[in-house]
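140 is the number of the first residue of the sequence shown in our numbering; add one for each residue after it.
Glycine included, every Cβ here is placed at the ideal spot set by N, Cα and C.
For clarity, every value in this text was computed on a predicted model and none was experimentally measured.
Here the structure is laid out as structure tokens; the discussion comes afterwards.
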Amino acid sequence: MAGNRFRYGQWRGGPDPLAPPYDVRAAVDAVGAEVLAGGSLREALRDLLRRGPQGRGGLDELAARARRLRREALRRGDLDGAVTRSQALLDQALAAERDALRERDDDDARFAEAVLDNLPRSTARAVRELAGYEWASEEGRQTYQRILAGLRGDVLEQRFAGLRDAARVAGDPAVQRQLAEMMRDLNHLLARHARSEDTTDAFAEFMGRHGEFFPERPRDVDELVDVLARRAAAGERLMRSLSDRQREELAGLMQQSLGDRLAGELSRLDDQLRALRPDLNWQRGERVRGEPALGYGEATGALDEIAELDELLDSLDQDQPGATLDEVDVDAVARTLGREAADDVRRLRELERELRRQGWVSRDADGLTLSPKALRRLAATALRRVFGELTAGPRGQHDLRAAGAAGEVSGASRQWEYGDEQPLDVVRTLTRAVRRAGPSVPVRLAVEDFEVVETERRASAAVALCVDLSYSMISQGRWGPMKQTALALSHLVATRFPQDALQIVGFGREAAALTQQELAAVEPELEQGTNLQHALRLAGRHLRRHPGAEPVVLVVTDGEPTAHLDPEDGEAYFHWPPLPETIEATIREVDRLTRYGATINLFMLGDDPGLRRFVDAVARRSKGRMFTPDPDDLGEYVVADYLRARQGRR
140 MAGNRFRYGQ WRGGPDPLAP PYDVRAAVDA VGAEVLAGGS LREALRDLLR RGPQGRGGLD
200 ELAARARRLR REALRRGDLD GAVTRSQALL DQALAAERDA LRERDDDDAR FAEAVLDNLP
260 RSTARAVREL AGYEWASEEG RQTYQRILAG LRGDVLEQRF AGLRDAARVA GDPAVQRQLA
320 EMMRDLNHLL ARHARSEDTT DAFAEFMGRH GEFFPERPRD VDELVDVLAR RAAAGERLMR
380 SLSDRQREEL AGLMQQSLGD RLAGELSRLD DQLRALRPDL NWQRGERVRG EPALGYGEAT
440 GALDEIAELD ELLDSLDQDQ PGATLDEVDV DAVARTLGRE AADDVRRLRE LERELRRQGW
500 VSRDADGLTL SPKALRRLAA TALRRVFGEL TAGPRGQHDL RAAGAAGEVS GASRQWEYGD
560 EQPLDVVRTL TRAVRRAGPS VPVRLAVEDF EVVETERRAS AAVALCVDLS YSMISQGRWG
620 PMKQTALALS HLVATRFPQD ALQIVGFGRE AAALTQQELA AVEPELEQGT NLQHALRLAG
680 RHLRRHPGAE PVVLVVTDGE PTAHLDPEDG EAYFHWPPLP ETIEATIREV DRLTRYGATI
740 NLFMLGDDPG LRRFVDAVAR RSKGRMFTPD PDDLGEYVVA DYLRARQGRR
């Protein structure tokens, strides 16, 4: 409208309502920080969802609330309340009947008193024997009928939510026929479904005839089976939760209250549901305790709630191989934990999907893992940390910007091509732009104008980084620095020295070449052994595959060799203290590398005297060098030594 004025400004009403729920890159960086600190990659990814990004709305918080609700349900009350209430009503009916009989002095009254005196102590048997009894007291007869009608109503209402009103008057033969007809049709429908027949039309016809008994309005047979099976399983768990005597009493009372026809159809229905949904927990009982006596419906309701919470806890646990948040039933979360909890699950799902959509994580048989894209970011972070220490310390000459793949400037230039990392020739770039577009201010550049400075290519290097993966590395706090160092070096080679060939070799009792992804995910094993001989053998194979490159071997270890490959069968043999055979086998690999011309530099973590003697001897024998860095300085030492070593010439 004319005259209206609107003002726009920065939102100040709290968190931005249009912002995404989580910063995906920050989530990836949080996982990376945990990995670089020595944590497990898969545990870090699981913890991201367990704790929730920014410490809110994680699976652990939801699971804690579910466990608290489960504990409360286990204190709901006494599961034997149905039998207890029936016993109380029976006592009340018998008391009213005895009062009425005492007012009479005929033989029939005395005979009736004798019948009452000889009733079984079992409530269920007493109720059954009184089925044909002629009551003298109207109050007693009505109270007795309440036993049967009440339990019948509770059982049928628990199984069929829309049957409560009909169940209360199920003593009427017409109503009993109606209920039996509905259950007969239901059993017939489920039998056809179990035979994998097409039941679309049959289901529609069934719901047209009996739909008022199913207020849940299931859309197909599968939904109908799910609703009924969960309730039937709750009833079975109630029986399993009672003592033998209590179970016998309740079963007898249910049989008497339902009658043979209804009880038979219900038993057949339970058998079919158990066959259709064997995945539900039909056998497990629960130790529910508490003061109030729970009726049949209340008791099965508590057990059904406990079962739903158990299923929810299993899905929130996410520990099964291949588990995803899509398996979490959001509707069940909303029913049990509330709408806000369901919103938290949806946000976590969105985060997981966004991590996959943007290519930060991928899924394998064991669950989520970082993608190559995320590993490059993780390795770049590790390299920045290393160079941050390198430039801040006494080795400040090793600047990241100076660590390029090119050599000395040749004086020539050429047109820029995609992937070039050489510096731009600014003068010639501007000259080409002016020649193309004419003299003007500002000078407008096009892609074809750029020229780069040509440099003399340095000699390539073949580098083998051998890292100790023995359990002592993590027990002494060296696992994180080792991972950070290896990831930083791999990223440096890939981005700044692509002509170099780097292979990372991890060694414990045996050795194996590791990709960047395998290195990030590798975890320590409890198996003992430090097989440096095998690691050096794999390093030698890598160097010989690149005969024209400068051979460099870097070894990071915190223990002297305690394992070697048996020459007979190739199996790893471990012994502590180290055997002469192990030392000799390792030295032979050192000599082979030395004859090949490789530089072997060793980075010793720890102050074990035996390790120091061994490393010192290897360094002298191979004309290499020995370093003893603190774990936090390991990356700085290794990267600086690589930059120094690769400048050599064959």
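(Q) For D244, count the other beta carbons within 10 Å of its own beta carbon; 16 or more makes it buried, fewer makes it exposed. Which is it? (A) Within a 10 Å sphere around the beta-carbon of D244 sit fewer than 16 other beta-carbons, which makes this residue exposed.
Q: Please classify N420: does DSSP put it in a helix, a strand, or coil?
A: In the structure shown, N420 sits in coil (DSSP, three-state: anything other than H, G, I, E or B).
Q) Where does V467 sit, in a helix, a strand or coil, going by DSSP? A) coil
(Q) Just to check my reading of the structure: T137 and T696 have Cβ atoms closer than 8 Å, yes? What is that Cβ distance to the nearest angstrom? (A) A query on residue 137 cannot be resolved here, the shown segment of the chain reaching from 140 to 789 and no further.
**Q.** DSSP state of R553 mapped onto helix, strand, coil
**A.** strand
Q) Closest by CA to E362, which one among L329, L208, A519 and V729? A) L329
Q) Nearest chain B C-beta to L258 closer than 8 Å, yes or no? A) This model lacks chain B altogether, as it is built from one protein chain only.
Q. What number of angstroms, rounded off, separates the C-alpha of G774 from the C-alpha of D449?
A. For G774 and D449, the distance between alpha carbons rounds to 47 Å.
Q: Go through its chain and collect everything with a Cβ distance to P768's Cβ below 8 Å, but skip five positions before and after it.
A: Around P768, the same chain offers F742, L744, E775 and Y776 as residues with beta carbons nearer than 8 Å, after the five sequence neighbours per side are excluded.
Q. Name the DSSP beta bridge partners of M765, please?
A. L741
Q.
Taking its Cβ as the centre, do 16 or more other Cβ atoms sit within 10 Å of H327, making it buried, or is it exposed?
A. Around the Cβ of H327, a 10 Å sphere holds fewer than 16 other Cβ atoms; the residue is exposed.
Q. Mind checking T339: buried by the 16 CB within 10 Å criterion, or exposed?
A. exposed
Q. Three or more C-beta pairs closer than 8 Å, one from the segment 363–382 and one from the segment 399–414: is that the case here?
A. Taking a cut-off of 8 Å for Cβ pairs, the segment 363–382 and the segment 399–414 touch, as three or more such pairs fall below it.
Q.
Between the alpha carbons of T733 and A600, how many angstroms are there, rounded?
A. 16 Å
Q. If you draw a straight line from the C-alpha of E489 to the C-alpha of E447, how long is it?
A. 24 Å
Q: Name the two residues that bound the continuous beta strand (DSSP E) containing P690.
A: Run containing P690: E689 to T696, per the beta strand (DSSP E) assignment.
Q.
At the level of alpha carbons, what is the spacing between T279 and E242?
A. Before going further, note that residue 279 is Gly rather than Thr in the sequence given. The straight-line gap from Cα to Cα measures roughly 15 Å.
Q: Pull up the distance between the alpha-carbon of L258 and that of V472, whole angstroms please.
A: 50 Å
Q. Quick one: Cα of H537 to Cα of V525, how far?
A. Interpretation of H537 is limited by its pLDDT of 31, a score under 50 that renders its predicted location unreliable; the figure taken from the coordinates is listed afterwards. Approximately 11 Å between the Cα atoms of the pair.
Q. Is V500 near A513, with beta carbons less than 8 Å apart?
A. yes
**Q.** Reduced DSSP category for P770 - H, G, I as helix; E, B as strand; rest coil
**A.** helix
Q) Do A227 and L240 have their C-beta atoms closer together than 8 Å? A) no
Q) Exposed or buried, G679, counting other C-beta atoms within 10 Å across all chains shown (16 or more means buried)? A) buried
Q) Quick one: Cα of S609 to Cα of A165, how far? A) 31 Å
**Q.** Unbroken beta strand (DSSP E) run spanning V484, endpoints
**A.** Per DSSP, V484 belongs to no beta strand (DSSP E); it is in the alpha helix (DSSP H), R478 to R496.
Q.
Measuring only the C-alpha atoms, how far is A756 from E556?
A. Cα to Cα, the separation comes out at about 49 Å.
Q) What did DSSP end up calling R146 once you bin it into helix, strand or coil? A) coil
Q: Go ahead and pull the three-state DSSP assignment for L240.
A: Of the three classes helix, strand and coil, the one that applies to L240 here is helix, per DSSP.
(Q) Please state the DSSP three-state secondary structure of D443. (A) helix
Q | Collapsed DSSP secondary structure at V778 in the structure displayed | A | helix
Q.
I'd like the span of the beta strand (DSSP E) that includes G679, first residue to last.
A. Careful: G679 lies outside any beta strand (DSSP E), inside the alpha helix (DSSP H) at L671 to R683.
Q) Taking DSSP as the reference, what is the three-state secondary structure of V163? A) helix
Q. R181: beta carbon under 7 Å from a heavy atom of the ligand MG?
A. Judged by which ligands are present, the structure shown has none, so any question about the ligand MG falls away.
Q.
Using only CA atoms, which one of L451, Q457 and L487 lies nearest to D470?
A. L451
(Q) Does A784 come out as helix, strand or coil in the three-state DSSP assignment? (A) helix
**Q.** Cβ pair L604, L626 closer than 8 Å
**A.** no
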